[in-house]
Each structure stands twice: as C-alpha cells, then as structure tokens.
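What the first sequence shows, in the working numbering, is residues 246 to 626, in sequence order.
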Amino acid sequence: MKIKYHLIQEEKNTKARLGIIETNHGTVETPMFMPVGTRATVKTLTPEELYDMHTGVILSNTYHLWLRPGEDLIAKAGGLHTFMNYHGPILTDSGGYQVFSLAKPKDITEEGVHFRSHIDGSKLFLTPEKSIEIQNKLDSDIAMSFDECPPASASHEYMKKSIERTLRWAERGKKVHQNENQSLFGIVQGGPYEDLRKYSATETVKMDFDGYSIGGVANDGESKEDMYKAIEYSIPYLPKEKPRYLMGVGEPSDIVEGVIRGIDMFDCVLPTRIARHGHAFTKEGRKNLKNACYKEDFTPIEKDCDCYACQNYTKAYIHHLLQVEESLGGRLLSIHNIRFLIHLTEEIREAIKENRLLEFRDAFYQTYPKKETNKQKKEKK
RNA sequence: GCGGAAUUGGUGAAGUGGUUAACACGCCGGAUUGUGGCUCCGGUAUGCAUGGGUUCGAUCCCCAUAUUUCGCC
Numbered sequence: 246m247k248i249k250y251h252l253i254q255e256e257k258n259t260k261a262r263l264g265i266i267e268t269n270h271g272t273v274e275t276p277m278f279m280p281v282g283t284r285a286t287v288k289t290l291t292p293e294e295l296y297d298m299h300t301g302v303i304l305s306n307t308y309h310l311w312l313r314p315g316e317d318l319i320a321k322a323g324g325l326h327t328f329m330n331y332h333g334p335i336l337t338d339s340g341g342y343q344v345f346s347l348a349k350p351k352d353i354t355e356e357g358v359h360f361r362s363h364i365d366g367s368k369l370f371l372t373p374e375k376s377i378e379i380q381n382k383l384d385s386d387i388a389m390s391f392d393e394c395p396p397a398s399a400s401h402e403y404m405k406k407s408i409e410r411t412l413r414w415a416e417r418g419k420k421v422h423q424n425e426n427q428s429l430f431g432i433v434q435g436g437p438y439e440d441l442r443k444y445s446a447t448e449t450v451k452m453d454f455d456g457y458s459i460g461g462v463a464n465d466g467e468s469k470e471d472m473y474k475a476i477e478y479s480i481p482y483l484p485k486e487k488p489r490y491l492m493g494v495g496e497p498s499d500i501v502e503g504v505i506r507g508i509d510m511f512d513c514v515l516p517t518r519i520a521r522h523g524h525a526f527t528k529e530g531r532k533n534l535k536n537a538c539y540k541e542d543f544t545p546i547e548k549d550c551d552c553y554a555c556q557n558y559t560k561a562y563i564h565h566l567l568q569v570e571e572s573l574g575g576r577l578l579s580i581h582n583i584r585f586l587i588h589l590t591e592e593i594r595e596a597i598k599e600n601r602l603l604e605f606r607d608a609f610y611q612t613y614p615k616k617e618t619n620k621q622k623k624e625k626k
C-alpha cells in the first residue's frame with residue numbers, strides 16, 4: 246500500500262500539525278526527524294541502535310546506491326530493508342541533491358543530468374525515469390521526484406526555468422512510477438522568491454503526489470530569514486491532507502521554526518556528520534568535545550539525556566576517543582546527536598498537543614543560541 | 001683517554017651573512033543543514049644549545065663550554 250497520512254491536530258497558535266504516517270514498515274508520528282543513511286547505513290550505527298533512539302523513517306540515496314552496489318544487487322537481496330536489515334520505513338532521495346553538489350549547470354539538460362562519478366570519474370547520465378526506476382528496485386517506502394536543486398542565490402530568471410524543467414521531470418517520473426507499495430513525493434523549488442514558490446507548489450500539487458517536499462533550502466549559506474520565507478511562501482499552497490517534508494534541514498532551531506511554519510518531516514546529515522568531527526548537540530548549542538576544556542570533564546554530554554552515550558560515558562572519555570581518533574567517539578556522538586533531534590521532535594509533539602508551541606520555542610531559545618549563517622557573519626564584518 | 005659529527009618550536013626536520021625562519025605532524029580554535037567531508041579553514045619559534053668574538057649586520061663564519069652521537073684504544 247501507499248503511505249497514509251492522518252492529520253490528528255492543528256496547533257492553535259501556529260501552523261504546526263500533529264499527525265501519523267502509516268507505512269508498510271510501521272506507523273510513525275509527525276513532526277519527525279529522519280536520520281540519513283546515504284549508502285544504506287546511518288554511518289557507524291546499527292539498526293538496533295536506531296530503534297533504541299526511537300528513529301522512525303531513515304533516508305538513503307539513489308545516486309550512491311546506483312553506483313555501489315547497484316540497484317539490481319539490492320533487488321536481488323530482497324530490497325533495501327532486507328539488504329541493510331532495517332525494518333522501519335525508508336525514504337530514498339532521488340539524486341536531485343547531487344545535481345546541485347556534483348553537476349555543473351552546463352551538465353543539466355532537458356533530458357537529464359550528466360555526472361562524473363565521484364568514485365572513478367566515469368561518465369554517468371541520470372534521468373527522472375532512471376531515478377524512479379532505481380528507487381522502484383530499491384523498494385523504499387517513499388521515493389522522491391528527480392528535481393534540480395538550484396542554489397538559493399540563483400537568479401529569478403534561472404530559477405523559473407529550473408522550476409519549469411523540474412515540473413516536467415516530476416511529470417515524467419510520475420508516469421513511469423508503477424510500484425503500488427511505494428509512495429512518491431513531489432518537490433517544491435523557487436528559492437527565496439514568493440511568486441516562484443507559489444507557482445512551483447501550485448503546479449506540483451496539481452500532479453497529485455503522496456506528499457510534498459520543500460527543497461532548495463539550507464544549501465547555499467542563505468540567511469535563516471530566506472529559509473523561513475521559502476517555507477512560508479510554499480506551505481499555503483500545499484494540501485492539508487498530505488505530509489510536508491523540508492529537505493535537508495536539521496539544525497535544532499530550524500526544526501522548531503520549521504514545525505511552527507507547518508513542516509511535518511525533516512532529514513539532515515548534520516547529527517552524524519558533526520559527530521564524526523567531534524561536535525555534540527546540546528540544549529546550550531553545539532559543543533566541540535575536542536576542546537581541551539573537556540579533557541578532565543567526567544560528566545555526560547547532557548546530564549538529563551536518555552541516550553546510550555550519556556547513560557554510560559563521560560565527556561572526558563569521548564574527548565580522549567576523539568583525540569586518538571578511535572571510531573567509538575564518533576559513534577557515541579552520533580547516537581547522542583540523533584537521539585537529541587528525535588527527542589526534540591518528541592517534545593515538540595507534546596507541545597503541539599497542548600497548544601503551547603510558542604512557549605516551547607521561547608523556552609528553547611532560553612538556552613539554545615540563535616545561530617547566524619556564515620553569510621550573515623561575513624556581512625557583520 | 002683520543003678523533004670525528006651534530007645541537008633550529010611540543011616532535012621530525014628544511015634553510016640563509018641582510019625586510020615576515022619552509023614543510024609536515026602535534027597542539028589550540030573554527031566550519032559543516034535532501035553526505036564528493038576520518039574533510040575543509042585558521043592560529044601556533046621576538047627566535048635557531050650556552051658564552052664570547054669577527055662583521056655595518058650573524059641562526060648561518062671563528063673560539064670556548066655543555067650535551068648528544070659515532071669510531072678507535
């Protein structure tokens with residue numbers, strides 16, 4: 246079956262929604278955070294550890310699995326769930342983000358996108374049809390349309406052409422999408438432009454997808470204001486009875502702000518990436534456990550955190566693991582960071598139930614610093 | 001005991017008679033938002049063993065001392 250979204254409650258003072266999504270691999274509550282497992286693994290973590298942190302949906306990536314080990318091998322293994330032994334819901338990204346990160350503008354044509362493999366430099370060509378075909382074989386619960394993800398700094402003119410092409414790509418992808426057990430999401434683009442977000446959302450919704458994503462956000466050092474505007478400009482045109490997914494966003498304050506503006510789903514590499522580089526999310530903001538001040542700090546990352554790392558290890562020990570580059574350090578921080586974000590969404594859901602999300606946000610910012618983007622920092626100087 | 005060689009930051013080391021002493025590692029920070037990140041970006045020797053001397057000028061030349069190291073008895 247396709248996923249089923251049930252809207253349970255709308256928060257009184259904001260656009261936030263409480264909901265559940267039924268999938269073939271379990272039912273999850275929204276708003277939710279989805280950890281990223283690009284290459285069929287949430288880096289360094291086992292599925293059991295993910296269940297322990299109450300992870301629902303995880304992400305994987307069409308582009309990476311297409312290259313290695315190949316979608317046919319995964320199909321032969323019985324699909325992605327069986328292959329990686331993760332039995333919760335899986336969402337696959339379409340490779341659209343790699344259009345942004347790997348391809349140059351001149352490589353993007355009406356037919357599809359020319360890539361150079363990041364592994365061996367060989368020439369690759371990905372089309373909307375191919376992306377959907379691969380995702381079908383991967384057998385994820387939710388597939389994404391193949392889109393172009395232009396930087397927020399792209400001109401209005403470029404953005405408009407890009408959106409129109411992405412709409413044609415969405416149409417083509419939908420046409421070849423046959424898997425009755427897999428849902429398909431459309432993606433809204435348009436950068437910071439109000440008219441383009443409206444246009445992109447309206448036209449995408451006409452195609453009747455199983456859910457809608459807001460893309461092209463948080464990929465270009467754009468300001469927080471621009472990111473929030475992109476959400477505000479898109480949400481009014483998305484149907485209430487379908488889930489809304491803000492792609493690539495997972496900075497704690499952005500999750501709070503996103504939910505308030507009507508987002509149900511988030512994914513982000515941040516918790517696992519910064520973990521491997523020694524950083525922990527905390528209620529006081531990010532902490533760099535490599536800093537010398539933690540050398541003799543024999544307390545947990547956060548004293549009231551229920552994650553495996555905080556229940557069993559000290560900052561001094563994790564600091565040491567990071568210093569000597571033992572992989573357990575990044576693993577423990579990944580566990581903590583993912584649990585931190587999932588716990589944050591649990592608290593958000595409770596706040597929505599009680600219609601006190603704005604109070605929750607105020608309390609959140611009492612300890613969590615409002616962060617500036619690099620661009621804003623530069624502009625200040 | 002005799003003879004030779006060496007002595008540059010936390011470490012391994014380049015280097016030159018004349019503004020800022022290369023590089024690497026380490027250390028100290030920072031970045032990271034649909035993962036081309038065990039990655040990237042900064043900072044880190046007011047000083048070249050110590051004391052004399054030569055010179056306009058010495059980390060670089062000379063002498064002595066100390067330490068290390070190699071060889072011989």
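By construction, the Cβ of each residue, glycine as well, lies at the ideal position given by its N, Cα and C atoms.
Closest to residue i by C-alpha separation, out of the options, would be which residue?
i      : options                           : result
Ala608 : Val504, Lys528, Arg442 and Lys406 : Lys528
Lys260 : Leu290, Gly324, Tyr473 and Gln568 : Tyr473
Gly435 : Leu567, Ala397 and Val569         : Ala397
Gly530 : Cys555, Arg576, Leu586 and Thr300 : Leu586
Asp471 : Arg442, Tyr490, Lys487 and Glu448 : Arg442
Glu378 : Tyr403, Thr517 and Ser339         : Ser339
Gly357 : Ser376, Ser367 and Gly574         : Ser376
Arg410 : Ser400, Ser367 and Glu355         : Glu355
Lys560 : Asp551, Gly574 and Asp549         : Gly574
Pro614 : Ala320, Ser498 and Pro373         : Ser498
Lys382 : Tyr553, Gly461 and Asn426         : Asn426
Ile248 : Tyr482, Gly333, Gly315 and Glu496 : Gly333
His251 : Ala446, Asp455 and Pro373         : Asp455
Ala537 : Gly523, Lys548 and Asp549         : Gly523
Gly366 : Glu374, Leu347 and Ala525         : Leu347
Glu541 : Gly466, Tyr558 and Arg518         : Tyr558
Cys552 : Phe526, Gly418, Asp512 and Gln380 : Phe526
DSSP three-state call for residue i: helix, strand or coil?
i      : result
Asp210 : Since the first residue of the chain shown is 246 and the last is 626, residue 210 is not available in this structure.
Ser579 : helix
Asp512 : strand
Tyr473 : helix
Ile593 : helix
Lys623 : Low per-residue confidence applies at Lys623: pLDDT is 44, beneath 50, and the placement is therefore not dependable, though the value from the model is reported in the following sentence. Note: Lys623 maps to helix in three-state DSSP.
Ala399 : coil
Val501 : helix
Glu439 : helix
Tyr558 : coil
Ile248 : coil
Glu256 : coil
Leu292 : Correcting the residue type first, residue 292 is Pro in the shown sequence and not Leu. DSSP places Pro292 in helix when its eight states are reduced to three.
Arg584 : helix
Arg262 : strand
Asp455 : coil
Ala415 : helix
Lys616 : coil
Thr527 : strand
Is it the case that the Cβ atoms of residue i and residue j are separated by a distance below 8 Å?
i      : j      : result
Phe278 : Ile500 : yes
Phe430 : Trp414 : no
Ile432 : Gly341 : yes
Phe360 : Cys394 : no
Ile546 : Pro276 : no
Ile580 : Leu290 : yes
Ile563 : Leu534 : yes
Leu318 : Arg284 : no
Pro280 : Pro516 : yes
Tyr457 : Lys485 : no
Leu483 : Val450 : yes
Lys419 : Met452 : yes
Gln380 : Thr307 : yes
Met492 : Ile519 : no
Got a sec, what are the start and stop residues for the alpha helix (DSSP H) residue i sits in?
i      : result
Gly271 : Unbroken run through Gly271 is the beta strand (DSSP E), Gly271 to Thr275; no alpha helix (DSSP H).
Ala388 : Not the alpha helix (DSSP H): Ala388 falls in the beta strand (DSSP E), residues Ile387 to Met389.
His326 : Leu325 to Met329
Phe609 : Leu602 to Thr612
Glu316 : Glu316 to Ala322
What residue does the beta strand (DSSP E) around residue i start on, and which one ends it?
i      : result
Asn306 : Ile303 to Asn306
Phe430 : Ser428 to Val433
Phe543 : It is not in any beta strand (DSSP E) - Phe543 carries neither H nor E in the DSSP assignment.
Phe360 : Val358 to Arg361
Asn533 : Gly530 to Asn533
Can you confirm whether the region 292-300 touches the region 256-272 when touching is taken to mean that 3 or more C-beta pairs between the two stretches lie within less than 8 Å? Touching, no, given that fewer than three Cβ pairs across the two stretches are closer than 8 Å.
For the 8 Å Cβ check, are there 3 or more pairs between the region 323-338 and the region 474-487? Put simply, the region 323-338 does not touch the region 474-487. Fewer than three CB pairs are less than 8 Å apart.
Should the region 563-576 be called in touch with the region 587-601, which here means at least 3 C-beta pairs below 8 Å? Counting C-beta pairs with one atom in each stretch, the region 563-576 and the region 587-601 have fewer than three that are closer than 8 Å, which means they do not touch.
Meets three-Cβ-pair contact criterion under 8 Å: the region 379-390 and the region 400-409: Too few Cβ pairs lie closer than 8 Å, so no.
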